Amino acid sequence: MAEAVAELVRDGDTVALEGFTHLIPMAAGREIIRQGRRDLTLVRMTPDLVYDQLIGAGCASKLVFSWGGNPGVGSLHRFRDAVEHGWPAPLALEEHSHAGMANRYVAGAAGLPFAVLRGYAGTDLATVTSTIKQITCPFTGEHLAAVPALNPDVTVIHAQRADRAGNVQLWGLVGVQKEAVLAARRTLVTVEEIVDELTPMPDAMVLPSWVVTAVAEVPGGAHPSYAQGYSERDNEFYAAWDAIARHRDSFQRWVREVVFA
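Numbering follows the numbering used here, in which position 41 of the sequence shown is assigned residue number 41; successive positions increment by one, without gaps.
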């Protein structure tokens, strides 16, 4: 994983670490912190602990997102500190809806310049987010929203398995991992295990080797989120994170004692 992050994640990159409650690439996020990456544009539908950690460690200069918080607990305190006080660095925000973000990934994966959706009506997001535009359907005259494609420099996801040829298998609750991988210029997948052959699983998704730049075997790489069939969600850690991240000193102590241990 360290070699893959060193090769694929560069200062100034647009980086997407995707996973919806499940299969969040937490270990890869900590590796990006260890390697001291800076000026990243972080993209994620639901920024949670992994982005709180990256923002607090000074890795990010911008966040493109549609919701942010510590699920079931409350605020992301390092995120709030960066927005409200510019610590450890100012953080620019580009906010969308879930539907808008998902459609942006789909457009990026399809090689299209933008996506069109019936969204944002009745909201003021377009007044604060320059990447939301109104267009008129040339066939019906209907007013619709247009959002530009997302094409991250790097997408990082966690999955259950990969085979030795680099094909990746994931199942269970998934979000936009497939679309985020297909939209990216480079991809890193951390997995629970590398196997000789991928065993068919109900509703499993297989990402072929030709869309994956690098695979790293990282058992437990989603912790404290979970990997169905391998681990359970560590709810106690999510609760404990509120106190860890609430103050700069306690957060910096956690970084020293856990990330750089």
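All residues carry an ideal CB built from backbone N, CA and C; glycine is no exception.
Just so we're clear, the structure is a prediction, and the values are computed from it rather than from any experiment.
Kindly list the residues whose CB is nearer than 6 Å to the CB of residue i, restricted to its own chain and excluding five residues on each side of it in sequence; keep chain order.
| i | result |
| --- | --- |
| Asp-81 | Trp-87 |
| Arg-186 | Leu-8, Val-154, Thr-213 |
| Thr-123 | none |
| Asn-151 | Gly-108, Ala-183 |
| Pro-219 | Glu-192 |
| Arg-246 | His-77 |
| Glu-257 | none |
| Ala-162 | Val-168, Val-191, Ile-194, Val-215 |
| Thr-46 | Trp-67 |
| Leu-188 | Ala-4, Leu-8, Val-156, Ala-214 |
In terms of residue numbering, what span does the alpha helix (DSSP H) encompassing residue i cover?
| i | result |
| --- | --- |
| Arg-78 | 77-85 |
| Ile-24 | From DSSP, Ile-24 is part of no alpha helix (DSSP H); its letter is neither H nor E. |
| Asp-242 | 235-246 |
| Val-211 | Element bounds for Val-211: n/a, residue is neither H nor E. |
| Glu-179 | 177-183 |
| His-98 | 98-110 |
Does DSSP put residue i in a helix, a strand or coil?
| i | result |
| --- | --- |
| Val-259 | helix |
| Thr-123 | coil |
| Glu-197 | coil |
| Met-45 | coil |
| Met-205 | strand |
| Gln-228 | coil |
| Gln-35 | coil |
| Ala-146 | strand |
| Leu-17 | strand |
| Ala-141 | Note that residue 141 is Gly in the sequence shown here, rather than Ala. The answer is coil: DSSP assigns Gly-141 none of H, G, I, E or B. |
| Leu-173 | coil |
| Gly-74 | strand |
| Val-50 | helix |
| Val-128 | helix |
What residue range is occupied by the uninterrupted beta strand (DSSP E) comprising residue i?
| i | result |
| --- | --- |
| Arg-10 | Per DSSP, Arg-10 belongs to no beta strand (DSSP E) and is neither H nor E. |
| Arg-161 | 154-163 |
| Ala-115 | 114-117 |
| Ala-60 | 60-65 |
| Leu-91 | Taken as a continuous stretch (DSSP letters only), Leu-91 belongs to no beta strand (DSSP E), as it is neither H nor E. |
| Phe-135 | Per the sequence presented here, residue 135 reads as Ile, with Phe not at that position. 133-136 is the span of the beta strand (DSSP E), which, as asked, contains Ile-135. |
Spatial neighbours of residue i within its chain, please: CB distance less than 7 Å, with the 5 preceding and 5 following residues excluded, ordered by chain position.
| i | result |
| --- | --- |
| Tyr-230 | Gln-160, Glu-192 |
| Tyr-226 | His-22, Glu-232, Arg-233 |
| Ala-99 | Leu-117, Gly-119 |
| Asp-13 | Leu-40, Asp-153, Val-154 |
| Ala-6 | Gln-35 |
As a quick exercise: from the options, pick the residue whose alpha carbon is nearest that of residue i.
| i | options | result |
| --- | --- | --- |
| Ala-146 | Val-83, Gln-134, Gly-122, Ser-209 | Gln-134 |
| Glu-18 | Cys-137, Glu-217, Thr-190 | Thr-190 |
| His-223 | Val-211, Glu-236, Ala-184 | Glu-236 |
| Val-176 | Val-73, Asp-163, Asp-124, Phe-65 | Phe-65 |
| His-143 | Ile-132, Asp-203, Ala-149, Leu-150 | Ile-132 |
| Ile-55 | Ser-97, Pro-148, Gly-29 | Gly-29 |
| Val-181 | Ser-75, Gly-111, Pro-148 | Gly-111 |
| Arg-44 | Ile-32, Ile-33, His-96 | His-96 |
| Met-201 | Gly-172, Pro-47, Pro-208 | Gly-172 |
| Ala-60 | Gly-69, Ser-75, Phe-79 | Phe-79 |
| Ile-244 | Leu-49, Lys-62, Leu-42, Arg-37 | Leu-49 |
| Ala-165 | Thr-136, Phe-251, Val-211, Thr-129 | Val-211 |
| Asp-203 | Leu-170, Trp-241, Ala-126, Gly-72 | Leu-170 |
| Gln-228 | Gly-36, His-158, Thr-136 | His-158 |
| Asn-70 | Gln-53, His-85, Gly-58, Val-255 | Gln-53 |
| Val-174 | Ala-2, Val-15, Phe-20 | Phe-20 |
| Gly-74 | Leu-125, Ala-16, Trp-241 | Trp-241 |
| Cys-137 | Ala-115, Ala-149, Thr-129, Ser-130 | Ala-115 |
Could you name the residues of the same chain whose beta carbon sits closer than 8 Å to that of residue i, not counting the 5 residues immediately before and after it, in chain order?
| i | result |
| --- | --- |
| Glu-179 | Ala-102, Tyr-105, Val-106, Gly-108, Ala-109 |
| Asp-11 | Arg-37, Arg-38, Asp-39, Leu-40 |
Is residue i close to the ligand ATP? I mean its beta-carbon at under 7 Å from any heavy atom of the ligand.
| i | result |
| --- | --- |
| Asp-196 | As presented, the structure is devoid of all ligands, the ligand ATP included, so that no description of it is given. |
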